[in-house]
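Protein chains in written order, with the UniProt record's numbering: chain A, 1 to 390; chain B, 1 to 397. Ideal Cβ placement from N, Cα and C applies to all residues, glycine included. In this text the structure is predicted, and so the values were computed from the model without any measurement. Here is the structure we will look at.
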């Protein structure tokens with residue numbers, strides 16, 4: 001335990017089988033909480049979820065990203081012994097993170113009433129795709145469903161992809177964007193409840209979390225505009241192809257446009273006095289973008305971004321995965337720690353997207369082997385059985 | 001009582017990401033005092049050319065619930081006044097470019113000098129350190145830097161811009177880090193400087209792809225495909241621009257889907273007998289599902305699929321969301337009052353508490369300086385004559 005970490009001394013029990021709850025546990029672990037993952041005899045299904053690091057039988061990259069720094073016990077919560085063992089863990093825990101479907105909770109001893117009766121000081125965090133209450137509480141939802149139930153899915157793609165492929169289906173964001181929002185919201189909710197000092201049930205829905213981060217579309221609707229992916233592109237700028245990759249260019253303020261004109265080399269078309277007016281630029285966005293695209297096609301990304309930012313023009317490289325982890329800025333900040341797994345060279349893993357001083361949060365341990373921390377249960381399986389039957 | 005009742009935030013944040021952080025904390029019960037000035041009002045008080053808004057917003061989500069004061073931070077006495085406010089606060093939040101608070105005389109060390117256990121939260125595009133820390137950025141740039149934009153898109157298409165969900169995701173992470181820092185302060189008595197870099201929020205969302213790529217298993221753009229699930233995608237219903245999201249990850253879900261489709265032949269087809277087989281045959285399954293969904297009403301099909309145990313949902317637009325009984329019941333969507341008295345929908349904080357009072361929006365967008373009597377008078381103990389002097393000197397301005 002690192003006493004200087006924000007959540008040192010906080011104990012968490014996690015019964016997670018999907019990304020949102022597992023990510024909530026991961027964020028708490030990254031900040032110093034002791035997180036014990038309780039796995040069923042068949043093990044946490046995230047251990048088998050692609051992408052895998054080394055072929056289909058190997059380690060899941062997804063699980064590694066979600067379970068680093070956690071401990072593991074294997075328990076069958078369908079048995080009285082298993083439920084007694086998890087009760088012992090919960091007796092000294094501050095937070096339970098659970099995503100068991102509502103209908104399965106009573107048989108696992110994880111229903112709200114039982115937990116509240118036995119562990120009144122516990123923060124019992126439930127994270128489900130559509131929450132624990134309301135008409136859709138029992139609904140199933142994987143990443144693609146909750147992203148599209150939260151509103152952002154229907155708004156994607158925008159920009160260049162929407163122009164190139166106007167008739168294709170709406171798009172999901174890469175990876176587990178929506179489920180990870182649920183995890184961040186869950187961790188925040190658990191820490192807020194813990195701050196209150198009251199043991200209580202906390203109900204987090206992945207859909208709600210995505211509706212919340214989609215607040216701007218709700219704001220726009222109130223202002224009178226129903227957003228749609230085909231019409232919410234920026235008038236100019238956006239995703240721009242260069243000689244060796246893509247950049248994002250976005251000028252929202254006058255001085256940024258002026259900087260862009262300088263970056264372009266002040267060609268005649270850009271210095272046209274009419275384009276000094278923001279409304280004119282917006283109206284002639286397609287024409288401006290055609291010029292920018294012609295010019296950018298011959299520019300190397302790295303040099304272009306450096307020159308743009310020096311002129312105060314907001315521009316960024318669309319970094320590929322290996323460029324992200326090897327970026328000079330990321331290396332200087334130590335954004336990625338080294339994850340050490342048996343038989344694999346060190347791999348880059350970000351501990352958390354925030355830090356509590358100049359240094360990043362430490363990566364304390366790789367993901368646990370199944371049942372690595374069985375000793376936390378206070379004895380071997382036989383002892384557990386005797387206690388349960390006594 | 002709300003969970004964060006008693007926590008006070010001096011809020012210097014502007015634009016979207018930082019204000020969303022403090023807005024969430026305010027919904028959870030923190031008292032949030034927004035600091036602006038007549039010279040530098042936040043963006044929602046101005047016309048918005050990009051979105052064609054001719055005047056100030058009549059309701060701004062991320063400004064709601066907040067108290068408003070004017071402090072001219074370009075004036076030495078304004079800096080002193082801001083420090084007095086920080087001295088009676090638990091949290092100081094800001095979202096300027098790295099270095100701006102220090103140049104104003106309000107850097108972490110300066111704030112710590114007036115409030116030794118202050119939790120300072122800095123939200124920026126690239127963080128407080130590193131060679132790019134001075135870079136300007138907006139949501140699409142955060143997504144680009146962090147790799148999320150590169151990985152999002154159709155297989156044969158370009159990267160995709162992230163929009164406001166990216167900003168607000170940064171804010172949600174910042175809110176989490178803020179409460180964690182408060183827990184540390186409660187335990188150790190120590191405050192701290194929380195550094196939230198938006199580009200690192202973007203990269204944190206694709207951790208598995210960064211790991212796999214580094215391990216020699218490159219991950220590319222993959223549209224709506226999943227690594228395991230199939231069928232998996234968005235399929236147009238007979239309702240036109242109403243698409244059904246559908247995801248099958250097990251034999252049980254596959255068999256349930258074929259029952260809803262009334263296609264026992266598919267259930268018996270060896271090409272689709274196992275999940276790996278279905279994944280290998282995903283293009284054929286996409287065509288089958290596209291054909292079937294084109295004959296279905298979107299909401300009815302989704303209800304039937306969910307009843308059978310198949311993960312599905314209509315790809316909802318914002319109007320669907322603000323009118324949904326489930327989201328209304330949960331307080332994920334709430335009704336608020338605009339300046340002028342009209343009502344509209346806004347988002348709630350995404351969490352419900354069994355014992356604490358639930359998050360809520362108590363008031364809409366504050367007028368600039370609306371709460372100076374309370375903040376400068378009651379909290380800081382400035383008499384009316386002193387407040388008048390500071391106003392005349394363009395400090396409260």
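Would you call the CB atoms of residue i and residue j closer than 8 Å?
i              : j              : result
residue 232(A) : residue 289(A) : no
residue 123(A) : residue 186(A) : no
residue 12(A)  : residue 93(A)  : yes
residue 374(A) : residue 313(A) : no
residue 213(A) : residue 27(A)  : no
residue 149(A) : residue 141(A) : yes
residue 83(A)  : residue 109(A) : yes
residue 61(B)  : residue 219(A) : yes
residue 321(A) : residue 337(A) : no
residue 293(B) : residue 301(B) : yes
residue 311(A) : residue 259(A) : yes
residue 369(B) : residue 68(B)  : yes
residue 152(B) : residue 160(B) : yes
residue 24(B)  : residue 171(B) : yes
residue 86(B)  : residue 114(B) : yes
residue 243(B) : residue 236(B) : yes
residue 125(A) : residue 29(A)  : no
residue 310(B) : residue 234(B) : no
residue 141(B) : residue 248(A) : yes
residue 156(A) : residue 144(A) : no
Using only CA atoms, which one of the options lies nearest to residue i?
i              : options                        : result
residue 352(A) : 23(A), 4(A), 240(A)            : 23(A)
residue 190(B) : 378(A), 377(A), 5(A), 376(A)   : 5(A)
residue 96(A)  : 334(A), 112(A), 306(A)         : 112(A)
residue 89(B)  : 397(B), 160(B), 379(B), 339(B) : 379(B)
residue 255(B) : 273(B), 73(B), 242(B)          : 273(B)
residue 158(B) : 152(A), 165(A), 153(A), 154(A) : 165(A)
residue 68(A)  : 335(A), 163(A), 330(A), 367(A) : 367(A)
residue 99(A)  : 276(A), 37(A), 168(A)          : 37(A)
residue 361(B) : 374(B), 377(B), 344(B), 373(B) : 344(B)
residue 350(B) : 364(B), 340(B), 326(B), 372(B) : 326(B)
residue 300(A) : 242(A), 279(A), 331(A), 354(A) : 242(A)
residue 279(B) : 262(B), 331(B), 321(B), 224(B) : 224(B)
residue 333(B) : 307(B), 341(B), 321(B), 241(B) : 321(B)
residue 179(B) : 277(B), 119(B), 341(B)         : 119(B)
residue 150(B) : 222(B), 277(B), 250(B)         : 222(B)
residue 10(B)  : 100(B), 76(B), 72(B), 84(B)    : 84(B)
residue 253(A) : 75(B), 6(B), 138(B)            : 138(B)
residue 344(A) : 52(A), 270(A), 33(A), 20(A)    : 52(A)
With 16 other CB atoms within 10 Å as the buried threshold, where does residue i fall?
i              : result
residue 238(B) : exposed
residue 384(A) : Residue placement at residue 384(A) is poorly supported in this model, since its pLDDT is 44, which falls under 50; the coordinates still yield a value, given next. Counting Cβ neighbours within 10 Å, residue 384(A) comes out buried, since at least 16 surround it.
residue 156(B) : exposed
residue 38(B)  : exposed
residue 230(A) : exposed
residue 398(B) : Because chain B is modelled from 1 through 397, residue 398(B) falls outside the range shown and cannot be assessed.
residue 348(B) : buried
residue 208(B) : buried
residue 294(A) : exposed
residue 129(A) : buried
residue 1(B)   : exposed
residue 211(B) : buried
residue 386(A) : Confidence at residue 386(A) is low in this model, with a pLDDT of 39, below 50, so its placement is unreliable and the value that follows should be read with caution. Residue 386(A) comes out exposed.
residue 169(B) : buried
residue 14(A)  : buried
residue 271(B) : exposed
If I'm right that residue i touches residue j with Cβ under 8 Å, what's the distance once you round it to whole angstroms?
i              : j              : result
residue 93(B)  : residue 121(B) : 4 Å
residue 341(A) : residue 65(A)  : Incorrect: roughly 12 Å between the Cβ atoms, too far for contact.
residue 127(A) : residue 175(A) : Not quite, the Cβ-Cβ distance comes to about 18 Å (not below 8 Å), so this is no contact.
residue 231(B) : residue 263(B) : Their Cβ separation, rounded to whole angstroms, is 12 Å, which puts residue 231(B) and residue 263(B) out of contact at 8 Å.
Item to check | Unbroken stretches of the beta strand (DSSP E), 3 residues or longer, contained in the stretch 60-84 of chain A | outcome: 71-74
Checklist entry - Hey, which unbroken runs of the alpha helix (DSSP H) at 4 residues or more fall wholly within the stretch 307-350 of chain A? => result 321-326, 328-333
Checklist entry - If you scan the stretch 62-93 of chain B from start to end, which runs of the alpha helix (DSSP H) of 4 or more residues do you find wholly inside it? => result 76-87
Next on the checklist: Runs of 4 residues minimum, wholly inside the stretch 186-235 of chain A: which ones carry the alpha helix (DSSP H) assignment?
Outcome noted: 206-213, 215-222
Checklist entry - Which ranges would you report for the beta strand (DSSP E) in the stretch 242-313 of chain B if only whole runs of at least 3 residues count? => result 243-247
Item to check | Whole beta strand (DSSP E) elements within the stretch 306-383 of chain B, 3-residue minimum | outcome: 312-314, 333-337, 343-347
Next on the checklist: List, from N- to C-terminal side, the alpha helix (DSSP H) runs of 4 residues or more that fit wholly inside the stretch 161-218 of chain B.
Outcome noted: 164-188, 198-204, 207-214
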